[in-house]
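Numbering of the sequence shown is given in UniProt numbering, commencing with residue 1 and proceeding in unit increments.
Accompanying notes for the structure given below.
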Amino acid sequence: MDWNFGDLLDATAAHVPGDRPAIIRGDHVTTWADFDARTNRLARAMLAAGLPAGARIAILARNIPEFIEIAAAAFKARLTHVNLNYRYTTSEIEYVLRDCQAAGLFYQDEFASVVAPLIGGAIDHLSYAVQIGSDGAYEAIVAEGDAAPLDILRSPDDGYLLYTGGTTGRPKGVMWRSADARCSQLESPVAGTAPASMDDHVAHVLKGTAGRVMPACPLMHGAGLNSSLAELLIGGTAVLLPSDRFSAEELWNEAARHRVTRILIVGDAFARPMADTLLANPGRWDLSALRLISSAGLMWSEQVKAALLEALPQLTLLDILGASEASGFGFAITNKDRATPTGLFEPGQQTVIIDQESGRVLADDEVGQGWLARRAPFGAGYHGDPEKTASVYRTIDGTAYAIPGDMAERLPDGRFRLLGRGSMCINTGGEKVFVEEVEEALKRVDGVADAMVFGLPDPKWGAVVTALIEAGDTPDDQALRTALSLDLAAYKQPRTIIRVALMPRHASGKSDYRSGMDIARAQIAAQTSTG
Numbered sequence: 001m002d003w004n005f006g007d008l009l010d011a012t013a014a015h016v017p018g019d020r021p022a023i024i025r026g027d028h029v030t031t032w033a034d035f036d037a038r039t040n041r042l043a044r045a046m047l048a049a050g051l052p053a054g055a056r057i058a059i060l061a062r063n064i065p066e067f068i069e070i071a072a073a074a075f076k077a078r079l080t081h082v083n084l085n086y087r088y089t090t091s092e093i094e095y096v097l098r099d100c101q102a103a104g105l106f107y108q109d110e111f112a113s114v115v116a117p118l119i120g121g122a123i124d125h126l127s128y129a130v131q132i133g134s135d136g137a138y139e140a141i142v143a144e145g146d147a148a149p150l151d152i153l154r155s156p157d158d159g160y161l162l163y164t165g166g167t168t169g170r171p172k173g174v175m176w177r178s179a180d181a182r183c184s185q186l187e188s189p190v191a192g193t194a195p196a197s198m199d200d201h202v203a204h205v206l207k208g209t210a211g212r213v214m215p216a217c218p219l220m221h222g223a224g225l226n227s228s229l230a231e232l233l234i235g236g237t238a239v240l241l242p243s244d245r246f247s248a249e250e251l252w253n254e255a256a257r258h259r260v261t262r263i264l265i266v267g268d269a270f271a272r273p274m275a276d277t278l279l280a281n282p283g284r285w286d287l288s289a290l291r292l293i294s295s296a297g298l299m300w301s302e303q304v305k306a307a308l309l310e311a312l313p314q315l316t317l318l319d320i321l322g323a324s325e326a327s328g329f330g331f332a333i334t335n336k337d338r339a340t341p342t343g344l345f346e347p348g349q350q351t352v353i354i355d356q357e358s359g360r361v362l363a364d365d366e367v368g369q370g371w372l373a374r375r376a377p378f379g380a381g382y383h384g385d386p387e388k389t390a391s392v393y394r395t396i397d398g399t400a401y402a403i404p405g406d407m408a409e410r411l412p413d414g415r416f417r418l419l420g421r422g423s424m425c426i427n428t429g430g431e432k433v434f435v436e437e438v439e440e441a442l443k444r445v446d447g448v449a450d451a452m453v454f455g456l457p458d459p460k461w462g463a464v465v466t467a468l469i470e471a472g473d474t475p476d477d478q479a480l481r482t483a484l485s486l487d488l489a490a491y492k493q494p495r496t497i498i499r500v501a502l503m504p505r506h507a508s509g510k511s512d513y514r515s516g517m518d519i520a521r522a523q524i525a526a527q528t529s530t531g
């Protein structure tokens with residue numbers, strides 16, 4: 001079926017009770033009737049502003065209802081929404097806006113000063129900018145006007161651009177067609193039988209089995225918005241946390257208050273404090289409605305899963321292995337009767353392993369190591385980067401594959417063990433940090449002669465950005481971070497900075513990262529032992 005998100009949203013809205021909540025955030029409830037009307041008005045307003053089909057609409061906001069509304073309205077208007085990381089600096093946002101040729105920008109009022117240098121003609125193709133919040137501009141658009149569904153012919157090629165920090169420096173936008181993105185959603189082992197037609201979709205909506213999903217991770221990342229959209233498409237509800245900073249106690253308060261059925265997290269960075277809070281407060285919350293916690297983007301350890309199940313034995317825990325370029329590479333299901341070792345996955349329906357040396361696709365029952373890959377559906381390539389597209393999306397013996405760069409080992413039982421990235425990228429708290437970008441930013445600081453950056457394992461964040469800098473007339477740590485903040489988002493900046501007399505390098509002149517990590521571990525251990 002050639003799905004289109006705009007058509008699916010229209011069909012769903014026509015068949016769910018209007019007073020059912022579509023989005024909840026704290027005390028604020030947007031009903032389905034209001035959600036449909038507001039997104040229709042916003043879609044009409046963007047078209048009336050002269051934005052053509054496919055125009056890029058960037059969203060700079062935290063987890064607020066308006067984020068979901070803007071994405072939905074873009075689908076309805078055949079516009080392409082683009083995610084912006086709210087941790088980005090002005091220069092980083094400018095890069096994405098220029099790279100995707102954004103025609104529109106919606107920004108939360110707290111980021112007004114960050115985007116001020118970029119609007120009002122500073123970027124010639126950015127013709128439409130709307131503030132969300134205090135000035136009332138956004139509400140004025142969605143509160144009045146024609147709320148009827150748009151009479152518009154949409155295409156399965158309509159979609160969105162998902163920007164990721166990636167492993168090649170600057171953020172890159174992965175293009176996704178609606179049809180491919182929806183088919184990827186339906187591959188989940190908990191999605192049930194995939195509908196074969198719009199009539200099947202409507203019949204599923206009419207069953208009234210949709211639940212309430214809580215994305216604890218940011219909507220600006222693919223997993224957060226994707227999980228919300230998947231639930232809304234079947235007539236469910238997205239429940240957003242009201243605070244800007246994650247709190248496990250608040251999460252459980254809101255999950256109990258709003259009878260949440262599914263929570264999406266990013267690995268142990270979320271799961272560990274969630275489990276600790278539950279075990280420290282036995283019986284405090286009525287979480288009987290909760291059935292599923294799913295995770296994507298960061299390691300979710302077996303020990304933390306066990307702690308969650310100790311507190312809530314009714315849960316199913318779903319570990320999803322995906323990437324911005326393609327999703328559904330693997331799944332790991334854990335419950336009270338079934339434990340799954342960390343890093344082991346059942347392969348997705350279209351997952352294969354490609355031998356690193358020969359480029360041969362291993363047979364489905366063949367044991368061996370290689371690149372983790374999958375057949376379609378997957379992303380349509382990188383915007384404006386045919387070279388990168390060709391390196392990740394390849395055709396082998398007439399079949400197209402997505403090969404984002406993870407290595408895996410297939411085991412005799414058919415499962416595979418994830419071995420890790422084949423490129424220099426740090427995954428910290430679900431954010432990707434490109435090593436070379438941080439190294440170059442450090443080297444631009446006066447007094448820094450040389451720098452090396454790598455990730456060290458961390459129980460909360462998965463990995464933390466760590467830097468070695470060559471000693472000399474270098475500024476102190478705070479001055480370094482102040483200088484770095486001009487070019488790098490906070491999550492990219494080193495949490496630990498270690499000074500060395502001479503940077504470890506190979507004879508070739510390339511950085512000796514193994515020695516650098518050994519130096520860092522030894523110095524951190526020495527500092528810990530001396531208090």
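Beta carbons are placed, not taken as given, at the ideal position from N, Cα and C, and that holds for glycine.
Note that the coordinates shown come from a computational prediction; the quantities given were computed from them, not determined experimentally.
By alpha-carbon distance to residue 60, the top candidate from 221, 456, 457 and 357 is 221.
The criterion of a C-beta distance shorter than 8 Å is satisfied by residue 98 and residue 123.
Within its own chain, the residues whose Cβ lies closer than 8 Å to the Cβ of residue 356, once the five positions on either side in sequence are excluded, are 369, 370, 371 and 407, listed in chain order.
DSSP places residue 325 in the coil class of the three-state scheme, outside both helix and strand. Around the CB of residue 203, fewer than 16 other CB atoms lie within 10 Å, so the residue is classed as exposed. Residue 78 is not a Cβ neighbour of residue 146, given a cutoff of 8 Å. In terms of Cα proximity to residue 262, the closest of 209, 442, 432 and 37 is 209.
The criterion of a C-beta distance shorter than 8 Å is satisfied by residue 22 and residue 35.
Ranked by Cα distance from residue 164, the options 173, 158 and 334 are led by 173. Between the region 386 to 406 and the region 186 to 194, the count of C-beta pairs closer than 8 Å stays below three; the two stretches do not touch. In the DSSP assignment, residue 467 forms a beta bridge with 453 and 497. Within the same chain, 5 and 6 come within 6 Å of residue 75 by CB-CB distance, once the 5 residues on both sides are set aside. Residue 376 and residue 192 have their C-alpha atoms spaced approximately 20 Å apart.
When DSSP states are grouped into helix, strand and coil, residue 364 belongs to the coil group. Scanning 239, 381 and 409 for the CA closest to the CA of residue 346 turns up 409. The beta-carbon separation of residue 161 and residue 80, rounded to 6 Å, stays under the 8 Å limit for a contact. Looking from the CA of residue 305, the closest CA among 289, 284, 339 and 322 belongs to 339. Residue 273 places its beta carbon less than 8 Å from that of residue 248. For residue 18, the number of other beta carbons within 10 angstroms of its own is below 16, and it is reported as exposed. Measuring C-alpha to C-alpha distances from residue 454 to each of 466, 448 and 445 identifies 466 as the nearest. The three-state secondary structure of residue 62, taken from DSSP, is coil. Taking 8 Å as the cut-off, the beta carbon of residue 301 is found closer than this to the beta carbon of residue 342.
Only exposed fits residue 443, as fewer than 16 other CB atoms lie within 10 angstroms of its CB.
In the DSSP assignment, the residues bridged to residue 409 are 369 and 417. DSSP places residue 267 in the uninterrupted alpha helix (DSSP H) bounded by 267 to 280. Here residue 443 carries a helix assignment [DSSP, helix/strand/coil].
Contact between the region 227 to 236 and the region 390 to 403 is absent: fewer than 3 CB-CB pairs across the two stretches fall below 8 Å. Around the beta carbon of residue 91, fewer than 16 other beta carbons sit within 10 angstroms, so the residue counts as exposed.
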